[in-house]
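Visitor: By the working numbering, the letter at position 109 of the sequence shown is numbered 109, and the numbering carries on one by one without gaps. C-beta atoms are modelled at their ideal positions from N, C-alpha and C, and glycine is treated no differently. Before anything else, here's the structure in question.
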Amino acid sequence: MPNDATSSGYLRDQIRELEPLQTQLAMMSEETELRIMALRNEEKEEITELKKECQNLENIITTMKEEQKALQEQEDLRAQYLAYRDEHDARNLLIDKVNCLSNEKEQDHQEEHEEEDMVKLKLALQVCRQDMTRAQVELTQLQADYADVVPRRDWDNLEQAHQENQERLKTLQKEYDDVKAQYDTLVEEHEQVVQERDTLQAKVEGDRGSYTPRPEWEKCADHLGGSERWAEISADLTSQQLLELVLMELGGVPEPQEQEGTAVEIPACLHYEGTLKNLGLKKAEIVRAIKEVWKVKISENEQSEEKSTLAEFLRRHLDRQHGESAGDWAYTVLHTCQQHQDDDDVIGLFYSILTGKVDESVYHGQTRMLSHLLKELIQSDPTESGVMTVQEFSETLKRAFPLKEERCIEALVTAAQTELDNNGGSIPYQALYTEDSGGNYRGFLTLVKQQAIEERHQYISQLKEQLGGKGELEMEDLKVAFKNIDPTLGQAMLDQYLGLAFRTPLTQMDQSTTAMDTDLALQRLLAADVNRAGPPPQANV
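Set out below in structure tokens:
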């Protein structure tokens, strides 16, 4: 019995010693299973690649078999042709031999009955030579006399074609002069309308500064304890009493806003020394200033090959326009943009580009898109009446945006009718390009830009799916993905998109081999003017 107890104790000690090994064995088993699963996944990928390679080889073999069959048919045709040619030559030889025998027989017969008069033949030959010499001299003389003369028929045809071209040129010149005159008239009318609009807008802004609108006191409820408390404390009070109540509740009027010129939220290129103050400009004034900045920057880009960022250009523009108060203007613009970036399209896009969240190409892309749409609308209006039917308007939208789905076209038509309060009949398309008092486009063109943004998001999502969840990618991976989802994408546009994703100049594109984070590359493309060039490839059935 003691021996059994000792043995059992020994075995328990052995079990306790082996328990860590059991845990380690379980861990090793899990690691081994994970490795096996990883190896299986790799084998699946290799099997998939091998299947693709096998399919390609089968296609090559099929092609080679077809080529071999075609070569065999050519060889058979060649052998048949050689046999036919040999038989043809043999028949020709036989015919020649028969003809020779016939000629010899006739010659023998003529020699027996006739003798040629050699003197007569020599005289006839001499006369023929003289006639030939005389004809040759006359032919040379005619060629020299009429070398620069064309046939009457060709002359008449050329004369008629020339007259037709002259008449067509006169007609085209007249049409061009009419179009040029109409264009000049439209430009003058547009300038007059712009001047009238600016004058009226300035007058409206001046009137707003001189008039005192009735405050919307209900908005104070959110800051003074809620709507119920506001209803209790503001019941039966005059405007003056309500103002005194609000001032008492808030504890006074806030001091004028000031900001250090080197604050963190201000872009580095817009840093100014000292303390900056808010000029208190209204949103409409900031919108006009932003449009003026874009106008001057586009003009500068056309004249200079070197392109600067919007923030760098804004610094130079404000310094030129406002001198010592440029810092106050910069702070005012930034502060107003921060306040209204979510409720104003012009300000929101400008601020996003200014802070680097969006590439400047998005603004230029929107401008080109709206200009292209207006050009298509004008070209589809031969009467130049500025009005077209709903059907004509829909067809014009399809020509201007051939890649849009039918539901998007219908949504645009509905938005145009809603904006113009027109549910049928004709659409005065020029009215769709008018701006509101804040300098923004209304519902139709806003929807056009929103659809463009949605299409860009969808395009980048398809590109992400094509990349297959890669953590990092090289330039060649992105190039292949673009070609797979957009086969009609041109090389120049493809290089531009790759440069946006990898931040690489076009001249160094071929030398770049650096891998990049996939999400970062897609984020850069999403923030730029990246659009589909052609229809997506058809899925295999």
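(1) Determine the DSSP secondary structure at residue 359, reduced to helix, strand or coil.
(2) Please give the ranges of any beta strand (DSSP E) in the segment 164 to 201, keeping only runs that are unbroken, at least 3 residues long and fully inside the region.
(3) Taking the alpha-carbon of residue 371 as reference, which of 326, 184, 104 and 430 has the nearest alpha-carbon?
(4) Should residue 342 be labelled buried (16 or more other beta-carbon atoms within 10 Å of its own) or exposed?
(5) Check for me: the beta strand (DSSP E) holding residue 275 runs from which residue to which?
(6) Please report the straight-line C-alpha distance between residue 449 and residue 366, rounded to a whole angstrom.
(7) Taking the continuous alpha helix (DSSP H) assigned at residue 148, which residues delimit it?
(8) Who are the Cβ neighbours of residue 173 in its own chain at under 6 Å, not counting the five residues just before and after it?
(9) I'd like to know if the segment 345 to 356 and the segment 301 to 308 are in contact, where contact means that at least 3 CB-CB pairs between them fall below 8 Å.
(10) Can you name, in chain order, every residue of its own chain whose Cβ lies under 6 Å from the Cβ of residue 451, other than the five neighbours on each side?
(11) Less than 8 Å between the CB atoms is what I'm expecting for residue 344 and residue 277, so what's the real figure, rounded?
(12) Mind the definition here: the segment 378 to 385 touches the segment 318 to 327 only if three or more C-beta pairs lie below 8 Å; say whether that holds.
(13) So, using beta-carbon positions, are residue 400 and residue 444 closer together than 7 Å?
(14) Give the range of the alpha helix (DSSP H) segment to which residue 387 is assigned.
(15) Counting C-beta neighbours from all protein chains within 10 Å, is the total for residue 53 16 or more, i.e. buried, or is it exposed?
(16) Assuming residue 337 is part of the alpha helix (DSSP H), what are its boundary residues?
(17) Give every residue of the same chain whose Cβ lies closer than 7 Å to the Cβ of residue 516, excluding the five residues on either side of it in the sequence, and list them in chain order.
(18) Mind checking which residues open and close the alpha helix (DSSP H) that includes residue 305?
(19) Just to confirm before moving on: does the CB-CB distance between residue 419 and residue 442 stay below 7 Å?
(20) Run the CB neighbour count on residue 247, radius 10 Å, all protein chains shown included, and call it buried at 16 or more, exposed below.
(21) Kindly indicate which three-state DSSP category residue 272 falls into: helix, strand or coil?
(22) Can you tell me which of the three DSSP states residue 344 falls into?
(23) For residue 449, verify whether its CB is less than 6 Å away from any heavy atom of the ligand PLP.
(24) How is residue 435 classed by DSSP in three states: helix, strand or coil?
(25) Is residue 532 closer than 7 Å to residue 576 when the C-beta atoms are compared?
(26) What does DSSP give as the partner residue(s) for residue 473 in the beta ladder?
(27) If you follow the alpha helix (DSSP H) that residue 497 is in, where does it begin and where does it stop?
(28) The alpha helix (DSSP H) with residue 542 in it runs from where to where?
(29) Just to confirm before moving on: does the CB-CB distance between residue 377 and residue 396 stay below 7 Å?
(30) Could you tell me whether any Cβ in chain B is nearer than 7 Å to the Cβ of residue 63?
(31) Which same chain residues, not among the five before or five after residue 368, have their C-beta less than 8 Å away from its C-beta?
(32) Can you look up residue 7 in the DSSP assignment and give me helix, strand or coil?
(33) Whose C-beta lies closer than 8 Å to the C-beta of residue 436 among residues of the same chain, with five residues either side of it excluded?
(34) Compute the Euclidean distance between the alpha carbons of residue 57 and residue 40, then round it to the nearest angstrom.
(35) Using only the alpha-carbon positions, how far apart do residue 393 and residue 171 sit?
Guide: Put simply:
(1) Three-state result, residue 359: coil.
(2) For the segment 164 to 201, not one full-length beta strand (DSSP E) segment reaches 3 residues or more.
(3) Residue 371 has its Cα closest to that of 430, out of 326, 184, 104 and 430.
(4) By the neighbour-count rule (16 or more Cβ atoms within 10 Å), residue 342 is not buried but exposed.
(5) Note, residue 275: beta strand (DSSP E), 275 to 277.
(6) Taking the CA atoms as reference points, residue 449 sits about 7 Å from residue 366.
(7) Here residue 148 belongs to no alpha helix (DSSP H), and DSSP marks it neither H nor E.
(8) By the criterion of a C-beta distance shorter than 6 Å, residue 173 is surrounded by no residue of its chain, once the five residues flanking it on both sides are discounted.
(9) Because the criterion of three Cβ pairs below 8 Å is not met, the segment 345 to 356 and the segment 301 to 308 do not touch.
(10) 408, listed in sequence order.
(11) Not a contact, Cβ separation roughly 23 Å.
(12) Fewer than three Cβ pairs drawn from the segment 378 to 385 and the segment 318 to 327 lie within less than 8 Å of each other, which leaves the two stretches out of contact.
(13) With respect to the 7 Å criterion, residue 400 and residue 444 are not classified as neighbours on the basis of their beta carbons.
(14) DSSP places residue 387 in no alpha helix (DSSP H); its state is neither H nor E.
(15) Exposed: under 16 other Cβ atoms inside 10 Å.
(16) DSSP places residue 337 in the uninterrupted alpha helix (DSSP H) bounded by 326 to 340.
(17) Once the five neighbours on either side are set aside, the close Cβ partners of residue 516 are 472, 473 and 502.
(18) Looking at the DSSP string, residue 305 is not in any alpha helix (DSSP H), and its letter there is neither H nor E.
(19) A contact, by the Cβ cut-off of 7 Å.
(20) Exposed, because fewer than 16 other Cβ atoms sit within 10 Å of the Cβ of residue 247.
(21) Coil, per DSSP.
(22) Residue 344 falls in the coil class under three-state DSSP.
(23) The model on display carries no ligand, and the ligand PLP is accordingly not part of it.
(24) In this structure, DSSP gives residue 435 an extended state, which the three-state scheme calls strand.
(25) Because the chain spans 1 through 541 in this model, residue 576 falls outside it and cannot be assessed.
(26) Beta-bridge pairing links residue 473 to 516.
(27) Per DSSP, the continuous alpha helix (DSSP H) segment holding residue 497 begins and ends at 491 to 502.
(28) Outside the displayed span of the chain (1 to 541) sits residue 542, for which this structure offers no information.
(29) Annotated as proximal: residue 377 and residue 396, with beta-carbon spacing under 7 Å.
(30) The displayed structure is made up of one protein chain only, and chain B is not part of it.
(31) The answer is none, since no qualifying residue turns up.
(32) When secondary structure is reduced to three states using DSSP, residue 7 falls in the helix class.
(33) These residues qualify, in order along the chain: 442.
(34) If I take the Cα positions, the gap works out to 25 Å.
(35) The C-alpha of residue 393 lies about 30 Å from the C-alpha of residue 171.
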